[in-house]
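Per this note's numbering, the very first residue in the sequence shown carries number 1; after that it's consecutive.
The beta-carbon is built from N, C-alpha and C at its ideal position, and this holds for glycine as well.
Small disclaimer: the values here were computed from a predicted structure and weren't measured.
First comes the structure, then the notes that go with it.
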Amino acid sequence: MKEDVLYHFSLSTSTHDFPAMFGDVKFVCVGGSPSRMKAFATYVAQELGLEEPGVEPVNICAGTDRYAMYKVGPVLSVSHGMGIPSIAIMLHELIKLLYHARCSNITIIRIGTSGGIGLEPGSVVISQQAVDACFKPEFEQIILGKRVVRSTHLNNQLVQELLLCSTELDEFPVVVGNTMCTLDFYEGQGRLDGALCSYTEKDKQQYLKAAYAVGIRNIEMESSVFAAMCASSNLRAAVVCVTLLNRLDGDQITSSHDVLTEYQQRPQRLVGYFIKKCLKKA
């Protein structure tokens with residue numbers, strides 16, 4: 001193509017100089033909420049000593065309301081919305097952006113929230129692999145009417161590096177476990193409080209306990225396609241999510257706003273520490 005339009009980023013190779021804008025990027029952090037990724041960019045700027053007093057991070061994708069993107073030195077912070085379709089669209093354009101910018105040796109990490117299984121709220125899970133709702137480590141997609149299955153294994157070395165950082169940081173509980181990725185927040189995750197429900201509390205408990213037995217420690221809605229697309233693109237990737245509740249104890253998030261805000265900062269602090277440590281070694 002003479003021109004590649006990254007429509008949902010409001011960027012184009014004919015109107016933007018990708019190597020000049022993004023060529024020095026080494027770390028990409030993605031998360032669902034635009035405001036959370038702006039907050040992460042602000043936090044990273046402080047941690048890396050790149051903060052300019054009174055200057056807020058600039059949204060590179062201000063020409064669209066689909067996603068938000070902020071750059072702080074070698075760190076790119078991008079929102080991906082909620083669910084597999086939303087993050088998949090974002091990843092297609094993000095991977096092309098990194099290609100056009102001629103970036104190399106990229107580490108990409110999803111930081112987010114999740115429901116825990118058998119963990120205290122506020123625990124952070126570093127995903128060993130993403131699994132589907134049938135506990136299989138794969139992402140299934142229908143392409144041209146055919147079933148295509150991709151592996152959802154994540155980079156084990158990166159998992160261990162992040163785990164070591166959590167030990168050094170020693171601020172909150174961190175575990176390594178499998179992460180279940182579902183297509184829905186309610187029935188897809190066995191909740192009893194949705195508009196529709198065709199199962200019982202006993203059914204739910206049986207399902208969640210079976211998930212725990214195979215190493216699943218949290219549930220969210222993006223990790224499978226994230227792992228699959230990053231692996232297919234040879235990107236070193238990890239998923240770091242905080243748990244907002246223990247699903248064995250209930251379905252609704254009842255913690256106060258202040259508590260939830262602090263929980264949501266935990267993956268940011270761990271990943272920020274990891275980035276800072278990596279840059280010190282460089």
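query: Sorted by chain position, which residues of the same chain lie with C-beta nearer than 6 Å to V72's C-beta, five sequence neighbours on each side aside?; result: A41, V44, A45 and L50
query: Tell me whether V214 counts as near the ligand FMN, meaning its Cβ is closer than 7 Å to at least one heavy atom of that ligand.; result: The ligand FMN is not part of the structure shown, which contains no ligands of any sort.
query: To the nearest angstrom, how far is the alpha carbon of V25 from that of P19?; result: 10 Å
query: Should the segment 232 to 245 be regarded as contacting the segment 184 to 199, the criterion being three or more beta carbon pairs within less than 8 Å?; result: no
query: Would you give the residue range spanned by the beta strand (DSSP E) that K146 belongs to?; result: K146 to S151
query: Once you ignore the five residues that flank L76 on each side, which residues in its own chain have a CB closer than 6 Å to its CB?; result: V25 and V28
query: Could you say which of Y273, G215, M1 and A39 lies nearest to C134 if we only look at CA atoms?; result: G215
query: Can you list, in chain order, the residues of its chain with a C-beta nearer than 7 Å to that of K38? Leave out the 5 residues immediately preceding and following it.; result: P57, A68 and Y70
query: Cβ of S284 within 8 Å of Cβ of S33?; result: No answer is possible for residue 284: the residues shown for the chain start at 1 and end at 282.
query: Enumerate in chain order the residues of its own chain whose CB-to-CB distance from A101 is below 6 Å, with the five nearest sequence positions on each side excluded.; result: F18, P19, F22 and G23
query: By how many angstroms is the C-alpha of Q265 removed from the C-alpha of E222?; result: 19 Å
query: Rounded to whole angstroms, what is the Cα-Cα separation between T182 and I117?; result: 14 Å
query: CB K276 to CB L48, shorter than 8 Å?; result: yes
query: Between F226, L245 and I95, which has its C-alpha nearest A130's C-alpha?; result: F226
query: Looking only at C-alpha atoms, which of R150, P74 and I109 sits nearest to V271?; result: I109
query: Let me check one thing: in DSSP terms, what residues is L76 bridge-paired to?; result: V28 and K71
query: Could you tell me whether the segment 254 to 265 touches the segment 149 to 159, using the rule of 3 or more Cβ pairs below 8 Å?; result: no
query: Rounded to the nearest angstrom, how far is the Cβ of S255 from that of P121, given a contact under 8 Å?; result: 6 Å
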